[in-house]
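To start, the structure itself, in structure tokens.
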Amino acid sequence: MLLELNISDFAIIDRLRLQLTHGFNALTGETGAGKSIIIDALGTLRGERADPAFVRAGADRARIEGVFSISDLPEIVPVLREYGLWEDEDETVILSREVSAGTGRSVARINGRAVNSSVLREVGSRLVDIHGQHEGLSLFNSRTHIDMVDRYGQLLPLRDRVAEQVAQLRRVLDELHQLRTAAARRAERIEELQLLLEDVKAAKLRPGEEQELLQERALVQNGARITDLVTTSYALLYAGNEGGKGVARPIVEAMGVVNDSLAELGRLDPVAQKLAEQSAELLYMLEDLTVNVRSYRDGMEFDTGRLDAIEDRLTLIREMQRKHRGTGEELIERAALAEAEIERLTHSAEHLASLEAQEQKLRTQVGRLAGELSHERRIVGDRLALAVVESMRDLAMGNVRFQVATERTPDPRGVPVAHAGTAATELVAFDKTGVDKVEFMLSPNPGEPLKPLAKIASGGESARLLLALKSILSKVDQVPTLIFDEVDVGVGGRAGHVVGEKLWGISAQHQVICITHLPQVAAFGDSHYAIAKQILGSAGAGDLRTRTNIHQLNHEQRVDEIAAMLDGVPISEHSRRSAQEMLQRAQMFKDRERSRQVPIEIMSSL
């Protein structure tokens, strides 16, 4: 419930603090005093559009803060925890919002932490609900009617089961759409992969083969030159002559002479020993080089006939690279993965069949559950219609006819739903709420046909219909604070007294805050607040300012306020007596209903 509301620099309100109580809080005051401005401030606080025109003239920004008790609203805790706005053991939630002049930029906070407007709306809508004469035209929006029926009949658990099955069906349908859309491309891809796999297997490609072939081709093409270079080198080292002693000539022989000379020099002069060692090492290297050159020469083999085979192989490899757009190594790697992809794509046909079976199963389940829900809705709708008619008769609409119309739309792509009392089924459109379109139909006068509310209900009729529905639905409505802004418009006399009864009845389950012009309604308030306009400054000085004040009334002040609402001012003794009698009748009614311990909204629905 709303414990406290603080408003500053909002329209004609400079500073206002309103502390509220449980039960029925009645707000009264003269026209233009700022009653509806308080509703605008609450709407802004719960996430409605921030209008810079709301900022008081001369102020930089407007600020609204609401302190809410959530001790009786455990359902909101998971929402707060999801956004990191919940501290264990907290029993209050503080919503605040600042609106800047000019730009209209707003900053919203919950428990001191900045939040975006969507989070503010989500939390705010769970804490307080605002109902005006037109209630944002929500009664005229047929999409809201199905929610009212389901809440009244406590059908939301069954509807949640339908929504869960519908969500599963939607996921299967989406996957089926993707698979079917990709079917042609899948066949092309399988053909492409199979061709790659066959080509790579037929060609017997090896990693690094192309580079090896290029090197081999270079050797064959340069065979004559290689032979000449090796022969010349070996001749210089070995003089092309292998004598009986096996001693290399002439370079190796010359180096041997040098080596012998330096060896003797090293023996004669220790200083030259280093030269002898270098000479011996060089000789060994020359001898080793000679052996290696001879080995290379003996191993040379240049088959010019091989050149054609190399060229043919390279041509094949390059044709495959162009055809399949990749290097040899890439083609080998892709071929290795192709088999697995072909397997997966081939099995997708099996997966498609499996999904189609799931689709049919889910369609049957959705149709069965939605059919059950539809059947229950029709029963609940009839019960709700009777309760609304009875309640509206109390509100001076005795000739009204009200009906909850429930219809289905045939759809060849829908789900199968059984006809009532038969085994026959019909394919009908569906969504997460089931298979029904629910709309409230009204005939306010005898002889008039039932028509949708948007086409027939006047402002006063819609206000009374809203009140009738709220009095019936209040027990299943989870929002703790309900605000009614002039829902008594067009109502007077005895009907006004009934409006007060019903608003007080709603307060058995909710905190009710009601702005009213009717003394009969105000008399039912458990707490009564008067809103007054105060003019400050002087016209001569050019500093006139308007301020809105609000204060809670005691019993004597309530008598005066209701008397003024009855006959205006100055207040006569007759109007005071009438006001006292009105308060006494209201109190007697409340005492009687409390003693019965039966909430009035349930009585209205019987």
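In our numbering, the protein residues as written are 2 to 607.
Built from N, CA and C at the ideal position, the CB exists for glycine as well.
Are the beta-carbon atoms of residue i and residue j separated by less than 7 angstroms?
i    : j    : result
V513 : D489 : no
P417 : G368 : yes
V100 : W87  : no
A531 : T29  : yes
F11  : A63  : yes
L156 : E360 : no
L197 : A109 : no
H529 : R559 : yes
A397 : A496 : yes
L443 : F141 : no
R98  : L46  : yes
L206 : I333 : yes
I311 : L194 : no
V129 : T482 : yes
R314 : L215 : no
D1   : M321 : Because the chain here runs from 2 to 607, residue 1 falls outside it and cannot be looked at.
L284 : N260 : yes
G267 : A277 : yes
L353 : V221 : no
A102 : P53  : yes
V173 : L356 : yes
L159 : L363 : no
In three-state DSSP terms, what is residue i?
i    : result
I343 : helix
D41  : helix
S596 : helix
E320 : helix
D486 : strand
R218 : helix
K591 : helix
R106 : coil
N117 : coil
H132 : strand
L519 : coil
R364 : helix
L156 : coil
P1   : Residue 1 cannot be examined here, being either before or after the span of the chain that is shown, 2 to 607.
T145 : helix
W559 : Looking at the sequence itself, residue 559 is Arg, so the reference to Trp does not match. Helix, per DSSP.
R548 : strand
A358 : helix
E49  : coil
L374 : helix
L238 : helix
V608 : Outside the shown range of the chain (2 to 607) lies residue 608, about which nothing can therefore be said.
Could you pull the DSSP bridge partners for residue i from this structure?
i    : result
I14  : F11
P453 : M442
P411 : V429
P447 : In the DSSP output, where bridge partners are listed per residue, P447 has none listed.
F69  : L3, V94
R402 : S444
V381 : BP columns for V381 are empty, so no partner.
I333 : Paired residues: none, contrary to the question.
Y530 : L28, Q553
Q20  : E5
P417 : L428
A63  : V100
V611 : The requested residue 611 is not part of the displayed model; the chain covers only 2 to 607.
Q535 : R548
G435 : D432
Let me check you understand the geometry: is the CB of residue i closer than 6 angstroms to at least one non-hydrogen atom of the ligand MN?
i    : result
V367 : The ligand MN is absent from the structure shown, which contains no ligand whatsoever.
Taking 8 angstroms as the limit between beta carbons, can you name the residues of its chain near residue i, skipping five residues before and five after?
i    : result
I603 : For I603, the predicted model reports a pLDDT of 43, less than 50, meaning its position is unreliable; a value from the coordinates is still stated below. Taken in chain order, the residues that qualify are K476.
P450 : S444
V80  : E123, V124, R127
Beta-carbon within less than 7 angstroms of residue i's beta-carbon, same chain only, minus the 5 sequence neighbours each way: which residues are those?
i    : result
V294 : V231, S234, Y235, L238
V150 : R378, V381, G382, L385, V405, V439
L504 : F25, F485, V513, C515, V522, F525
I252 : L237, L238, L287
R162 : L370
P413 : L428
D340 : Before going further, note that residue 340 is Glu rather than Asp in the sequence given. Around E340: L198.
F55  : F11, A12, D41, T45, A63, V100
Ordered along the chain, which non-local residues of its own chain (more than five positions away) have a Cβ less than 6 angstroms from that of residue i?
i    : result
T22  : S528
L6   : L19, G67
I8   : I14, L17, A42, I65
G415 : L428, V429, A430, F431
Check: Which ranges does the alpha helix (DSSP H) cover as unbroken runs of at least 4 residues, wholly within the segment 162-215, from first to last along the chain?
Finding: 184-204
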